[in-house]
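A short worksheet on the structure shown next.
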Amino acid sequence: MEVYVKAEWFNPGGSVKDRPVRQIVLDAERDRRLGPDRTILDSSSGNAGIAYAMIGAARGYRVHLVVPGNVSEERKHILRAYGAQVEYSDPLEGSDGAILVARRLSERGPDRYFYADQYNNPSNPRAHYETTGPEIFAQTAGRITHFVAGLGTSGTIVGAGRRLRELAPTVQVVAVEPDSGLHGIEGLKHMGSAMVPGIYDPSVHQRKISVRTE
0 MEVYVKAEWF NPGGSVKDRP VRQIVLDAER DRRLGPDRTI LDSSSGNAGI AYAMIGAARG
60 YRVHLVVPGN VSEERKHILR AYGAQVEYSD PLEGSDGAIL VARRLSERGP DRYFYADQYN
120 NPSNPRAHYE TTGPEIFAQT AGRITHFVAG LGTSGTIVGA GRRLRELAPT VQVVAVEPDS
180 GLHGIEGLKH MGSAMVPGIY DPSVHQRKIS VRTE
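For the sequence shown, numbering that gives the first Met the number 0 gives the first residue as 0, with consecutive numbering after it.
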């Protein structure tokens, strides 16, 4: 048996989130939902926030992020270094609390913000459908038999999983989630107790494994 890990930490922002955030921004520019007069707004547990801040700075956009107050100090420093405006939500409410704060801000300022909404934006899984999935297939020379990914926004498993099943119909797609809502792991969701992302499609994976976090 061979096990491969896709080293997404080599992306410019240090995580897989560079992919969906780039796609979200480019798609919004293309259909004119995002322009110089708009501030990019979204919630994040940290990594997507870094991607928004980095890409926003590179493309000349203001960025307003809502993140749980217990994100790591390292992430806080990086976000500030890129010039993002950061608002902290109640850490006890996790990523769902940050989502609700960002949603309220968007509703109060619809002409001010481009609300990226990574949990419900189809550009998120599209990025993985167009890049991550084909890359994995090519890098394993088509020999991949199982694809395993954690559930957060679900963009990775939905997009890459869907593409891999098209390229190799026998591939088994396996979703992994914490076994309870009180897990404290940044970026992951327990779907049974959290707000379920609109982009989540459980039909993409054949199995879902709950992992103890103790």
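Quick reminder that beta carbons are idealized off the backbone N, C-alpha and C, glycines included.
Predicted, not measured: the structure shown is a model, and the values here were computed from it.
So, under 8 Å CB-CB, residue i and residue j are touching, yes? Tell me the CB distance rounded to an integer number of Å.
| i | j | result |
| --- | --- | --- |
| V210 | V173 | So it is not a contact: roughly 11 Å between Cβ atoms. |
| I208 | V157 | Contact doesn't hold; Cβ gap of about 17 Å is too wide. |
| Y112 | A159 | Contact doesn't hold; Cβ gap of about 29 Å is too wide. |
| S94 | P67 | 7 Å |
| N119 | I198 | 6 Å |
| G96 | S71 | Going by Cβ atoms, the distance from G96 to S71 rounds to 17 Å, so no, they are not a contact pair. |
Beta-carbon separation of residue i and residue j under 7 Å?
| i | j | result |
| --- | --- | --- |
| D41 | A126 | no |
| L99 | G151 | no |
| V20 | A50 | yes |
| V24 | I54 | yes |
| T130 | R58 | no |
| T155 | P177 | no |
| H47 | K16 | One detail in the question is off: residue 47 reads as Ala in this sequence, not His. Going by C-beta atoms, A47 is nearer than 7 Å to K16. |
Which residues share a DSSP beta bridge with residue i?
| i | result |
| --- | --- |
| Y112 | T38 |
| E176 | S209 |
Using the beta-carbon count (16 or more within 10 Å), is residue i buried or exposed?
| i | result |
| --- | --- |
| V2 | exposed |
| S179 | exposed |
| H63 | buried |
| E91 | The amino acid occupying residue 91 in the given sequence is Leu; Glu does not appear at that position. When all chains shown are included, L91 counts as exposed. |
| Q117 | buried |
| H76 | exposed |
| A52 | buried |
| S153 | buried |
| G132 | buried |
| S202 | exposed |
| G141 | exposed |
| G12 | buried |
Please report the distance separating the alpha-carbon of residue i from that of residue j.
| i | j | result |
| --- | --- | --- |
| R29 | Y87 | 30 Å |
| T169 | W8 | 28 Å |
| P109 | P35 | 15 Å |
| R162 | F136 | 9 Å |
| P121 | Q22 | 10 Å |
| A80 | E73 | 11 Å |
| R206 | Q171 | 8 Å |
| P196 | A101 | 15 Å |
| D89 | T139 | 42 Å |
| Y60 | M194 | 29 Å |
| M190 | G149 | 11 Å |
| R103 | I143 | 43 Å |
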